[in-house]
Amino acid sequence: MPRAASAVLPLESDVVFASHHWPTFGNSKALTFLSQQRDLYACLHNETLRQLNAGKTGLEIAEDFKLPDSLENLWCSREYYGSVSHNVKAIYSRYMGWFDGNPAHLWEHPPVEAAQRYVNCMGGIEKVIELGVKYREAGYLRFAVTLLNHAVFSDQSNSTATQELTAPVSTFHFSVKFSGLQPVIHPTNFLQNKYRPISHVTRHSIAYQKAHPIPNTPASLTVWPTFQQFVDLVDGQRQDLSGIETSGDLTVWDTLNSLLTSYDTGFAIVSPEES
Numbered sequence: 019m020p021r022a023a024s025a026v027l028p029l030e031s032d033v034v035f036a037s038h039h040w041p042t043f044g045n046s047k048a049l050t051f052l053s054q055q056r057d058l059y060a061c062l063h064n065e066t067l068r069q070l071n072a073g074k075t076g077l078e079i080a081e082d083f084k085l086p087d088s089l090e091n092l093w094c095s096r097e098y099y100g101s102v103s104h105n106v107k108a109i110y111s112r113y114m115g116w117f118d119g120n121p122a123h124l125w126e127h128p129p130v131e132a133a134q135r136y137v138n139c140m141g142g143i144e145k146v147i148e149l150g151v152k153y154r155e156a157g158y159l160r161f162a163v164t165l166l167n168h169a170v171f172s173d174q175s176n177s178t179a180t181q182e183l184t185a186p187v188s189t190f191h192f193s194v195k196f197s198g199l200q201p202v203i204h205p206t207n208f209l210q211n212k213y214r215p216i217s218h219v220t221r222h223s224i225a226y227q228k229a230h231p232i233p234n235t236p237a238s239l240t241v242w243p244t245f246q247q248f249v250d251l252v253d254g255q256r257q258d259l260s261g262i263e264t265s266g267d268l269t270v271w272d273t274l275n276s277l278l279t280s281y282d283t284g285f286a287i288v289s290p291e292e293s
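Convert by adding 18 to the 1-based position in the sequence shown; the result is the number in the numbering used here.
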């Protein structure tokens with residue numbers, strides 16, 4: 019999306035039609051809107067990868083992710099039709115897949131079997147329901163949902179568990195904007211089959227899309243490294259551009275390099291990160 023937005027920015031457009039958004043009229047306003055969308059997607063993507071490289075899982079990144087005020091305050095980035103949290107998890111999944119690196123999560127029980135064992139460990143379904151209600155009344159809705167969901171999956175015929183689970187779930191929408199947690203008008207919405215077209219791929223092991231050249235784009239420094247030189251630059255094996263073909267102001271590289279974050283690759287995975 020950031021690359022696609024940049025590719026069309028130089029074009030003369032009178033109106034932009036965007037999904038889940040009203041049309042934007044006028045060339046100046048259209049370019050401003052596309053620029054804002056480009057920056058929003060770039061921020062979501064780049065900050066997720068930055069925290070991923072620091073050893074955080076998708077859940078951890080999504081929990082703490084905060085857009086800068088310059089993007090958060092835009093009307094076109096409000097969470098009425100999406101969620102920063104959900105988008106961050108999707109970006110993490112795109113790069114890392116479902117496995118977060120913790121072997122304890124490598125072969126977990128499916129929901130019913132896990133729920134039955136959790137409920138048994140906590141003293142039975144009535145006790146779990148009692149605890150779920152207690153956490154809900156204390157305002158801990160997310161954990162109340164977790165407990166009551168275990169109760170429902172351990173015995174779906176228990177109507178009390180189902181009714182108590184409905185209460186905190188239906189309360190979620192008061193604290194969030196995005197529609198995924200808004201009240202469900204038709205209870206079957208989450209049960210309906212969803213279909214999407216099969217995307218065309220390039221038949222490579224990794225789908226590749228050639229970048230569109232952006233004419234008349236000013237660049238202070240252009241670098242043409244070999245593959246190995248690029249790898250060495252990325253992993254910190256080399257800090258300068260000596261021996262690499264370049265064009266432009268070499269001090270730009272020093273400025274860029276000073277802004278990059280160094281990572282400790284020995285971060286915790288199988289235990290909580292020590293403070």
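Backbone N, C-alpha and C fix where the C-beta goes; we use that ideal spot for every residue, glycine too.
For residue i, I'd like the list of residues in its chain whose CB is within less than 8 Å of its CB, leaving aside the five on either flank, ordered along the chain.
i           : result
serine 111  : Gly76
arginine 68 : Thr279
Nearest-angstrom Cα distance between residue i and residue j?
i                 : j              : result
methionine 140    : glutamate 126  : 19 Å
phenylalanine 161 : serine 177     : 20 Å
threonine 264     : histidine 38   : 43 Å
glycine 150       : isoleucine 143 : 10 Å
cysteine 61       : threonine 235  : 21 Å
valine 34         : proline 41     : 6 Å
glutamine 257     : leucine 251    : 6 Å
isoleucine 147    : alanine 179    : 6 Å
leucine 277       : glutamate 65   : 14 Å
glutamate 90      : valine 249     : 34 Å
For residue i, which of helix, strand or coil comes out of DSSP?
i                 : result
phenylalanine 35  : coil
glycine 266       : strand
threonine 273     : helix
phenylalanine 171 : helix
phenylalanine 43  : strand
leucine 239       : strand
Counting C-beta neighbours from all protein chains within 10 Å, is the total for residue i 16 or more, i.e. buried, or is it exposed?
i                 : result
leucine 165       : buried
arginine 96       : exposed
proline 129       : exposed
phenylalanine 183 : Here residue 183 is leucine; the residue named in the question, phenylalanine, does not match the sequence. Leucine 183 is buried by the Cβ-count criterion.
alanine 169       : buried
tyrosine 153      : buried
asparagine 275    : exposed
lysine 84         : exposed
lysine 74         : buried
Using C-beta distances below 6 Å, list every residue in its chain close to residue i, excluding the 5 sequence neighbours before and after it, in chain order.
i          : result
serine 53  : none
leucine 92 : Gln54
alanine 72 : Tyr281
Spatial neighbours of residue i within its chain, please: CB distance less than 7 Å, with the 5 preceding and 5 following residues excluded, ordered by chain position.
i             : result
asparagine 45 : Glu30, Ser31, Asp32
serine 2      : Nothing can be reported for residue 2: it is not among the residues displayed for the chain, which extend from 19 to 293.
- Return the chain-ordered ranges of every alpha helix (DSSP H) run that is complete within the stretch 88-134 and spans a minimum of 4 residues. 102-114
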